[in-house]
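Undergrad: Take the sequence shown: its letter number 178 is residue 178 in UniProt numbering, and every next letter is one higher.
Sharing a structure, written as structure tokens. Questions coming.
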Amino acid sequence: APRAPAMPPPSDALGLLQKAVAAIDSHFAQADVPGTTKRLDQLGNDQSNKEIAVLVRGQLCTALSRVLLHGFKSFKLIGRYHIWDFVQQACDAHQLRIQKGGGTSEAERTMAKAVADVNHLSGEAGPANNPNIKFRSFVCSGLNNGMMHEWICVMTADADTMGKFYEAWAFVRLSDDTVKQMTRALAPLANHKFALSLDYETSRWDLH
Numbered sequence: 001a002p003r004a005p006a007m008p009p010p011s012d013a014l015g016l017l018q019k020a021v022a023a024i025d026s027h028f029a030q031a032d033v034p035g036t037t038k039r040l041d042q043l044g045n046d047q048s049n050k051e052i053a054v055l056v057r058g059q060l061c062t063a064l065s066r067v068l069l070h071g072f073k074s075f076k077l078i079g080r081y082h083i084w085d086f087v088q089q090a091c092d093a094h095q096l097r098i099q100k101g102g103g104t105s106e107a108e109r110t111m112a113k114a115v116a117d118v119n120h121l122s123g124e125a126g127p128a129n130n131p132n133i134k135f136r137s138f139v140c141s142g143l144n145n146g147m148m149h150e151w152i153c154v155m156t157a158d159a160d161t162m163g164k165f166y167e168a169w170a171f172v173r174l175s176d177d178t179v180k181q182m183t184r185a186l187a188p189l190a191n192h193k194f195a196l197s198l199d200y201e202t203s204r205w206d207l208h
């Protein structure tokens, strides 16, 4: 049987995700401090508040990728797979199902639009073509839509896609409950209003 690579156990990775979400909750809680001049709409806007960009693109996206990388089959015949490849193929699988007459949910529709928007970020090379930046921008779109937790369910729903990108012992394939743990961890973020720029990194070369 394939051996799990040396990486944090799923529980540790999930714990980091929960801490990242808690840090964002604390960030928005600044608006509740008596006498503060900070407003909720400013706290969730990366154009007026750089801290939220760091909390999301730095801490949250890193923690989420750690969970998604557990048991991820990164090697292929030529080159390597990236989490963004998984996201994109999961989206394609749902689009194919819809073309065959299947129904669609708001989560599926918004996720498909997000993938298209991220793939159309300006620039043929450099930051806009970086799969890490694409994944982070995708997460930002999920937060803007208030549906990142539901997108996790969409991403992990297609059995063929999951089998292609993940080992059987991967956290996201262990059981239905493990995916529910991820969605429960991310769900509180839907209570906050985000206005995150998808091109935040592609227009800021100095951040890379």
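Just so you know, even glycine gets a beta-carbon here, dropped at the ideal spot from N, CA and C.
All of these numbers come straight from a predicted model, not from anything done at the bench.
Does residue 72 come out as helix, strand or coil in the three-state DSSP assignment?
TA: Indexing the sequence shown from 1 puts residue 72 at position 72. Three-state result, residue 72: strand.
Undergrad: So, with DSSP's three-state summary, where would you put residue 185?
TA: For this step, residue 185 is matched to residue 185 along the sequence shown. If DSSP states are grouped into helix, strand and coil, residue 185 belongs with the helices.
Undergrad: Would you tell me roughly how many angstroms separate the C-alpha atoms of residue 108 and residue 143, rounded to the nearest one?
TA: By one-based count along the sequence shown, residue 108 stands at place 108. By one-based count along the sequence shown, residue 143 stands at place 143. Approximately 15 angstroms, taken between the alpha carbons.
Undergrad: With DSSP as the reference, label residue 157 as helix, strand or coil.
TA: If you number the sequence shown from 1, residue 157 lands on position 157. Reduced to three states, the DSSP call for residue 157 is coil.
Undergrad: For residue 16, collect the residues of the same chain with a Cβ closer than 7 angstroms to its Cβ; drop the 5 residues on either side in sequence, then sort them by chain order.
TA: Indexing the sequence shown from 1 puts residue 16 at position 16. Cβ within range, chain order: 63 and 66.
Undergrad: I'd like to confirm the pairing. Which residues does DSSP put opposite residue 200 in its beta bridges?
TA: Residue 200 sits at position 200 when you count from the first residue of the sequence shown. Residue 200 pairs with nothing; no bridge assigned.
Undergrad: Given that a residue counts as buried once 16 or more other Cβ atoms are within 10 Å of its Cβ, and exposed if not, what is residue 57?
TA: For the purposes of this step, residue 57 is taken as residue 57 along the sequence shown, with counting starting at 1. Burial call: buried.
Undergrad: Taking the C-alpha atoms as reference points, what is the distance between residue 156 and residue 136?
TA: As a first step, residue 156 is located in the sequence shown; it is residue number 156 there, counting from the start. As a first step, residue 136 is located in the sequence shown; it is residue number 136 there, counting from the start. Spanning the two alpha carbons is a distance of roughly 18 angstroms.
Undergrad: Going by the DSSP bridge assignment, what does residue 195 pair with across the sheet?
TA: The count along the sequence shown starts at 1 and reaches residue 195 at position 195. Looking at the DSSP assignment, residue 195 forms a beta bridge with 45.
Undergrad: Using C-beta distances below 6 angstroms, list every residue in its chain close to residue 190, excluding the 5 sequence neighbours before and after it, in chain order.
TA: For the purposes of this step, residue 190 is taken as the residue at position 190 of the sequence shown. Closer than 6 angstroms at the Cβ level, and outside the excluded window around residue 190, lie 146.
Undergrad: How would you call residue 53, buried or exposed, if buried means at least 16 neighbouring beta carbons within 10 angstroms?
TA: Within the sequence shown, the letter at position 53 stands for residue 53. Classification for residue 53: buried.
Undergrad: Note down, in chain order, each residue of its chain lying with its Cβ closer than 6 angstroms to the Cβ of residue 104, except the 5 sequence neighbours on either side.
TA: Counting from one through the sequence shown, the residue named residue 104 turns up at place 104. If we look at residue 104 and ignore the five residues flanking it on each side, its Cβ neighbours are 98.
Undergrad: Going by C-alpha to C-alpha distance, which of 34, 162, 94 and 194 sits closest to residue 41?
TA: The residue given as residue 41 occupies position 41 in the sequence shown. Comparing Cα-Cα distances from residue 41 to each of 34, 162, 94 and 194, the minimum goes to 194.
Undergrad: From the DSSP output, which residues share a beta bridge with residue 166?
TA: Sequence index remark: in the sequence shown, residue 166 carries index 166 (1-based). Per DSSP, 72.
Undergrad: Classify residue 80 as helix, strand or coil using the three-state DSSP reduction.
TA: Counting from 1 along the sequence shown, the entry for residue 80 is found at position 80. In this structure, residue 80 counts as strand in the three-state DSSP scheme.
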